[in-house]
Amino acid sequence: MYQFSVADEQAFVRIDADWLLRIAESVLDDEQVTTAEVSIALVDDASIHDLNRRYLGHDCPTDVISFSLGDDDSPAGKQDRASEAARRLDGELVISGETAARVAGEIGCPPTEELALYLVHGLLHLCGYDDQTDADRSQMRHREQTHLQKFGIRPHY
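Numbering (this note's numbering), first residue to last: 63 to 219.
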């Protein structure tokens, strides 16, 4: 069972919240998450920049920030995904619609598709994936592509 909340506090990408939640549910199903409570905030660059500086020490805007709200037994941050019997996650995603619109314009894709990539990327972080090494980044990109292709989206890296 999944519980989602969506707060759209930006004016750069017009989104269909139901479509966004269908993608989120699909990712969690495929990643074998059984129970989840996830809030999704769509914001502008100034808002995500402030959060990035305050919580992560990076003085710049970014595309998505994932906050795990679970305890140490949550999927986020776990390396051995196969050993988890019951998968529950609680988290928050903050996604910059402004960044999605800007990057989409630069690479020539619809802003909704770029935003969907950020959603999937953030959810994968909550599920325990990381992208700090080349091998981890490759695995994460493969998972992103797998999830997004179900919705006819091909990420443009």
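Beta carbons are placed, not taken as given, at the ideal position from N, Cα and C, and that holds for glycine.
- CA-to-CA, the gap between G167 and A98 works out to about 33 Å.
- For the 9 Å CB-CB criterion, V165 and L210 do not form a contact.
- Taken in chain order, the whole alpha helix (DSSP H) runs of length 4 or more contained in the segment 100 to 139 are 107 to 118.
- Remark: three or more beta-carbon pairs, one from each stretch, lie closer than 8 Å, so the segment 147 to 164 and the segment 96 to 113 are flagged as touching.
- T174 sits close to D78, with the two beta carbons spaced by under 9 Å.
- Within the same chain, Cβ atoms closer than 7 Å to the Cβ of Q94 are found at R149, the five residues on either side in sequence being excluded.
- Here the C-alpha atom of E206 lies approximately 8 Å from the C-alpha atom of P217.
- F66 has V100 as its beta-bridge partners, per DSSP.
- Only residues of its own chain outside the window of five on either side were considered, and among them A69 and V156 have a CB closer than 6 Å to the CB of A103, listed in chain order.
- Rounded to the nearest whole angstrom, the C-alpha separation of D193 and R203 is 9 Å.
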